[in-house]
Amino acid sequence: MSPIRLPSLLPAHLVLAVPEMRVADPQFNLAAILALMDTRLDPDAQQLFLFPELSLSGSSAGDLLALPPLAEACLQSLLELEAACQKRAVWAAAGLPLRSRWGLHNAAALLSPQGLLGFSIPDPKTGAWQRPFSPPQNFEEEAVDIGGRFLPVGSNARFDLQGFLTEPVQLWVGVPNPDALDRDCGLVLSMHNLPALAYGVNQPEDWAANLSRRYNRSVATCSAGPNESTTDQVYSGRACFYQAGRLEACTRELQFDSQAKSVNLSQVQRKRQPAKMPEDAGFMLSRTPFIDQAAPKAQFQRVLDIQAAGLTKRLMHIGTRKAVLGLSGGADSSLALLVCLRAFRLLGYPAEQILAVSMPGPGSSRDSQERARNLAKLSRVSLREIPISAAVELHLRDIAHPEGQFDLTYENAQARERTQILMDLANQQGALMVGTGDLSEIALGWSTFNGDHISFYNVNAGVPKTLLLQVLAWAGGELLGKEGKVLAERIANASISPELLPLQGAEHSQQSTEESIGPYLLHDFFLYHMLVLRQNPQEIFQYASLVFEEREPAEILKWLRVFYKRFFAAQFKRSASSDGPQVTEVSLSPRGGWVMPSDAVSALWLNQVDNLIQGLN
-14 MSPIRLPSLL
-4 PAHLVLAVPE
6 MRVADPQFNL
16 AAILALMDTR
26 LDPDAQQLFL
36 FPELSLSGSS
46 AGDLLALPPL
56 AEACLQSLLE
66 LEAACQKRAV
76 WAAAGLPLRS
86 RWGLHNAAAL
96 LSPQGLLGFS
106 IPDPKTGAWQ
116 RPFSPPQNFE
126 EEAVDIGGRF
136 LPVGSNARFD
146 LQGFLTEPVQ
156 LWVGVPNPDA
166 LDRDCGLVLS
176 MHNLPALAYG
186 VNQPEDWAAN
196 LSRRYNRSVA
206 TCSAGPNEST
216 TDQVYSGRAC
226 FYQAGRLEAC
236 TRELQFDSQA
246 KSVNLSQVQR
256 KRQPAKMPED
266 AGFMLSRTPF
276 IDQAAPKAQF
286 QRVLDIQAAG
296 LTKRLMHIGT
306 RKAVLGLSGG
316 ADSSLALLVC
326 LRAFRLLGYP
336 AEQILAVSMP
346 GPGSSRDSQE
356 RARNLAKLSR
366 VSLREIPISA
376 AVELHLRDIA
386 HPEGQFDLTY
396 ENAQARERTQ
406 ILMDLANQQG
416 ALMVGTGDLS
426 EIALGWSTFN
436 GDHISFYNVN
446 AGVPKTLLLQ
456 VLAWAGGELL
466 GKEGKVLAER
476 IANASISPEL
486 LPLQGAEHSQ
496 QSTEESIGPY
506 LLHDFFLYHM
516 LVLRQNPQEI
526 FQYASLVFEE
536 REPAEILKWL
546 RVFYKRFFAA
556 QFKRSASSDG
566 PQVTEVSLSP
576 RGGWVMPSDA
586 VSALWLNQVD
596 NLIQGLN
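Shown next, in the form of structure tokens:
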């Protein structure tokens, strides 16, 4: 007989596990967790499986988490997972909504081969909590009743895993707070659900590496993947393990299938001299702060991947293999078409099931129509041309609008006619209507309410104009080859125009968006400095004057005033905006990206700008 190997003598393996999941379906999620466990079981190791935040329910379930049926079903799934861990002789950390006498908690449960050990809840010092959970609070020697068993619950709970590691483990829900780090713990586990961003801060690669480096700890993170709801964000599915600041293992991003990565903790060698945290270098002043100047092409790829992942999930969820979108020949609709093409390729759907609709009106130029035709042809999507001039004229007569009066009513009637056509075609085809408006337009309210403002899913909602133009120029070549690259660059370099006023004999539209509302280069700079850096008007003006030295101060202040006025006035449109994925640090989604009342007053900001204008005189 071969000698029996005691569990305590087996090497300790940490398994970073990202299962396929469904929002608000605990039984499906449990089955996916167990299936992933079974594919990664190793009889020659002691294993601890780290799953994402709220892995039994889905973190994007929102207020559904507060409803008793979901919380109760998650608890039942947890008890089944407990039995599975006992049967398989493994440890596991899984997330669920947990009810106690103190309220509803975003909890992480730690399970062992002997059963449930206890629960960890978010750090109360961070102040980071979201509805429907109760505000976090400190629990000292508190317990929660689980079927007659009283199990410990606490913030950033510490666990002694006898038979697995000699050093304690600290389990976090969310991003760890260094001030609350247990210095006796050799392993920090963080389950979180942070969005995948193409460019920005507070990603695991930043805080986890720094925490591991500074405190000489092993740090593991695990985030849900794109199977979470993509209403406003796409989750990366990235799970990472850092040792002394070094990335030792990680899963792939934006993968819809279950995946896992194993780390042999017994072989990890610690550096006993902790490295210093890098000095804060502040922020780099850039004319295009939304664009990563160090690695632009990598960022462009990531933008396209996030957009396509969000659309892919939405198509899978509603069960359609068709998409409809308006194709004007402008930059926004062109990038939206390429995103659709990328998503359909990922799903294995034929490009012909994307219906691009060109809807020329009185102001549509030959150039834009030709660009739309050429892009549709290169993409091999279906193209339909539906002129709208006659329908718009009939509508304007019906509402007794004066003939020849080319005002806002005249322009908005065209946008609403186009939206009506697209929505009705989507209903007719059983398709998803894809929106095209970008983040900069959303910030400035440059859309027609209940017109191009609305769609079934807006793939460009998180992409500012300055970034969008460059992504488009790159994506054309990436998806359509040399000819596509030339065409995409031509579209990206074309004058930005809504083309809503009659041409009146001219070949090109005389209507310029940037002449009306200001340069997008400036507005994106303002947007970033206001929402990311939290700067006041004076600071924004000072920094803008430094980087845009070719512009007169009066011009910068003119457009800064326009920015604030339009940003506040457009909130009612954002409050009723469509779903769409966040791509950078800035999200204007009313569902959590940017929460603001529609009737908020802009006077405080405008007065500050006016004082700066007066100071120039």
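Residue -14 is where the sequence shown starts when you use my numbering, and the numbers rise one by one after that.
For every residue, glycine included, the Cβ atom is placed at its ideal position computed from N, Cα and C.
Check whether the Cβ atoms of residue i and residue j sit closer than 8 Å, and answer yes or no.
i	j	result
Cys70	Pro28	no
Asn672	Ala229	No answer is possible for residue 672: it lies beyond the span of the chain, which begins at -14 and ends at 602.
Ser40	Met6	yes
Val366	Leu322	yes
Ile373	Ser563	no
Arg369	Leu340	yes
Leu182	Glu570	yes
Gln32	Val75	yes
His637	Ser247	With the chain represented from -14 up to 602, any question about residue 637 goes unanswered, as that position is not in the structure.
Leu49	Leu55	yes
Ser105	Ala93	yes
Leu453	Asp584	no
Ser45	Thr236	no
Tyr184	Phe275	yes
Pro566	Gly295	yes
Leu331	Ala293	yes
Trp590	Tyr549	yes
Pro82	Ser42	yes
What span of residues does the alpha helix (DSSP H) with residue i cover, start to end?
i	result
Ala94	Here Ala94 belongs to no alpha helix (DSSP H); instead the beta strand (DSSP E) covers 88 to 97.
Thr404	393 to 414
Met22	11 to 25
Ala473	450 to 478
Asp130	No alpha helix (DSSP H) holds Asp130; the beta strand (DSSP E) holding it covers 127 to 131.
Ile525	522 to 532
Ile502	498 to 502
Trp157	Trp157 -> not in any alpha helix (DSSP H); beta strand (DSSP E) instead, spanning 154 to 158.
Ile481	Element bounds for Ile481: n/a, residue is neither H nor E.
Ala321	316 to 332
Gly295	281 to 303
Tyr505	505 to 516
Report the CB separation of residue i from residue j in whole angstroms; it is logged as a contact under 8 Å.
i	j	result
Ala280	Gly430	Not a contact, Cβ separation roughly 32 Å.
Glu484	Ser353	6 Å
Val160	Trp192	6 Å
Val309	Gly346	Wrong, their Cβ atoms sit about 18 Å apart, outside the cutoff.
Tyr505	His514	That pair is no contact at about 15 Å.
Phe13	Ala78	So it is not a contact: roughly 20 Å between Cβ atoms.
Leu486	Phe391	5 Å
Cys170	Val154	6 Å
Glu179	Ala205	Residue identity differs from the one stated: residue 179 is Leu in this sequence, not Glu. So it is not a contact: roughly 14 Å between Cβ atoms.
Asp167	Arg143	5 Å
For residue i, does the count of other Cβ atoms within 10 angstroms reach 16, so buried, or fall short, so exposed?
i	result
Val594	buried
Glu426	buried
Arg626	The structure shown has nothing for residue 626, since the chain only spans -14 to 602.
Arg546	buried
Ile525	buried
Arg299	buried
Lys603	Summary: the structure shown does not reach residue 603, with the chain confined to residues -14 through 602, and so no result is reported for it.
Ser243	buried
Met22	buried
Pro582	exposed
Leu601	exposed
Asp130	exposed
Arg255	With a pLDDT of only 44 at Arg255, under the threshold of 50, the placement of this residue in the model should not be trusted, and no figure is reported.
Gly80	buried
Asn141	buried
Lys72	exposed
Ala588	exposed
From what residue to what residue does the beta strand (DSSP E) around residue i run?
i	result
Asn596	Element bounds for Asn596: not the beta strand (DSSP E) but the alpha helix (DSSP H), 588 to 601.
Asn249	244 to 249
Met418	417 to 420
Met176	172 to 176
Glu370	367 to 370
Arg231	231 to 235
Leu102	100 to 106
Arg84	76 to 85
Phe135	134 to 140
Met(-2)	A quick correction: the sequence has His, not Met, at residue -2. Here the beta strand (DSSP E) through His(-2) covers -3 to 3.
For the ligand GDP, any of its heavy atoms closer than 7 Å to the Cβ of residue i?
i	result
Pro387	With respect to the ligand GDP, the structure offers nothing, as it holds no ligand at all.
Inset, instruction - Please confirm if the segment 355 to 374 is in contact with the segment 475 to 484, defined as three or more CB-CB distances below 8 Å between the two stretches. - result: yes
Inset, instruction - Specify whether the segment 450 to 463 and the segment 527 to 536 touch according to this definition: at least 3 beta carbon pairs, one from each stretch, less than 8 Å apart. - result: no
Inset, instruction - Indicate whether the contact test is met: 3 or more Cβ pairs, each with one atom in the segment 412 to 424 and one in the segment 445 to 452, closer than 8 Å. - result: yes
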